[in-house]
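Chains as they are written, first to last, in this note's numbering: chain A, 1 to 112; chain B, 1001 to 1114.
Ideal Cβ positions, reconstructed from N, Cα and C, are used throughout, including at glycine.
This one's a predicted model, so the numbers in the text were calculated from it and none came from an experiment.
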Amino acid sequence: DAGVIQSPRHEVTEMGQEVTLRCKPISGHDYLFWYRQTMMRGLELLIYFNNNVPIDDSGMPEDRFSAKMPNASFSTLKIQPSEPRDSAVYFCASSYLGYGYTFGSGTRLTVV
Amino acid sequence: DQQVKQNSPSLSVQEGRISILNCDYTNSMFDYFLWYKKYPAEGPTFLISISSIKDKNEDGRFTVFLNKSAKHLSLHIVPSQPGDSAVYFCAASAGTSGTYKYIFGTGTRLKVLA
Chain A
1 DAGVIQSPRH
11 EVTEMGQEVT
21 LRCKPISGHD
31 YLFWYRQTMM
41 RGLELLIYFN
51 NNVPIDDSGM
61 PEDRFSAKMP
71 NASFSTLKIQ
81 PSEPRDSAVY
91 FCASSYLGYG
101 YTFGSGTRLT
111 VV
Chain B
1001 DQQVKQNSPS
1011 LSVQEGRISI
1021 LNCDYTNSMF
1031 DYFLWYKKYP
1041 AEGPTFLISI
1051 SSIKDKNEDG
1061 RFTVFLNKSA
1071 KHLSLHIVPS
1081 QPGDSAVYFC
1091 AASAGTSGTY
1101 KYIFGTGTRL
1111 KVLA
């Protein structure tokens, strides 16, 4: 298995632009998680899905953030409009039955 | 409010010596704890875990200790090797309550000096 695949690896965008981060979980995994890593807060859970259904989005910082999982093999995290304080590394992780997360390599987002 | 805290942002240890990384938590519902290791430009990878019914779990050079009364866990690496240099994240979950989200700490950067 190729593991959890995230794209792009790096994204530089201007403030106010829309940003879409993508994730392909491991086949057969029924949980998908989006995390954000910052120096101040470490790995912060944004949202997670079970069987493509959002279960807990309490970590989504603002309405500017949205996430979807249209099918078992694809998820997106969208920021619109983006702001400089959104600059961070965004990780996607998947798991089977909620245990043993496998993380992707992350997307480093820079908003200038 | 940080429910999982790693109060030491960094730690340097000589090769061959013991590394001890600490983690504190505040939520008494947490019953499953993990350590993840992260190298630069990579995602975190699972290292070791412990259930709240145990107070120690060992895997090779890595041992995790859990003190439920103090809401504290620690990761011991013996002997430390240069390849252990990475950021270590402590995580916790309340799995038996039906939630499977891991709450992570802010990480401790370990540097093992050759």
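Measuring straight from C-alpha to C-alpha, what distance separates residue i and residue j?
i: tyrosine 1100 of chain B; j: cysteine 1090 of chain B; result: 15 Å
i: phenylalanine 103 of chain A; j: serine 1052 of chain B; result: 24 Å
i: tyrosine 35 of chain A; j: proline 1009 of chain B; result: 20 Å
i: isoleucine 5 of chain A; j: serine 105 of chain A; result: 7 Å
i: proline 54 of chain A; j: lysine 68 of chain A; result: 8 Å
i: aspartate 57 of chain A; j: asparagine 1022 of chain B; result: 29 Å
i: asparagine 1057 of chain B; j: leucine 1075 of chain B; result: 10 Å
i: serine 94 of chain A; j: tyrosine 101 of chain A; result: 6 Å
i: serine 1080 of chain B; j: leucine 1011 of chain B; result: 12 Å
i: lysine 1037 of chain B; j: arginine 64 of chain A; result: 31 Å
i: aspartate 86 of chain A; j: proline 8 of chain A; result: 16 Å
i: glutamate 44 of chain A; j: phenylalanine 33 of chain A; result: 10 Å
i: alanine 1114 of chain B; j: valine 1013 of chain B; result: 9 Å
Along chain B, in chain order, which residues have C-beta atoms closer than 7 Å to that of residue i?
i: glycine 42 of chain A; result: Phe1089, Phe1104, Gly1105, Thr1106, Gly1107
Under a Cβ-count criterion, where at least 16 other Cβ atoms within 10 Å of its own Cβ denotes burial, should residue i be classed as buried or exposed?
i: glutamate 1042 of chain B; result: exposed
i: alanine 88 of chain A; result: buried
i: isoleucine 1018 of chain B; result: exposed
i: tyrosine 48 of chain A; result: buried
i: serine 82 of chain A; result: buried
i: threonine 107 of chain A; result: buried
i: valine 1078 of chain B; result: exposed
i: glycine 1095 of chain B; result: buried
By the criterion of Cβ-Cβ separation under 7 Å, what are the contact partners of residue i in chain A?
i: tyrosine 1025 of chain B; result: Here the premise fails: no neighbours, minimum Cβ distance about 13 Å.
Taking C-beta pairs closer than 9 Å, name the residues in chain A that residue i reaches, listed in chain order.
i: glutamate 1042 of chain B; result: Phe103, Ser105, Gly106
So which residues on chain D does residue i lean against when the C-beta distance must stay under 8 Å?
i: phenylalanine 91 of chain A; result: Chain labels in this structure do not include chain D; the protein chains are A and B.
Please compile the residues from chain B whose C-beta is within a distance smaller than 8 Å of the C-beta of residue i.
i: aspartate 57 of chain A; result: Chain B residues near aspartate 57 of chain A: none, gap ~11 Å exceeds 8 Å.
i: tyrosine 48 of chain A; result: Tyr1100, Lys1101
For residue i, which residues in chain A fall below 8 Å Cβ to Cβ?
i: glycine 1095 of chain B; result: Gly98, Tyr99
Could you tell me how far apart the beta carbons of residue i and residue j are, in whole angstroms, since I believe they sit closer than 8 Å?
i: alanine 72 of chain A; j: asparagine 50 of chain A; result: Rounded, the Cβ-Cβ distance is 11 Å, inconsistent with contact.
Three CB pairs or more closer than 8 Å across the region 18-26 of chain A and the region 72-81 of chain A: yes
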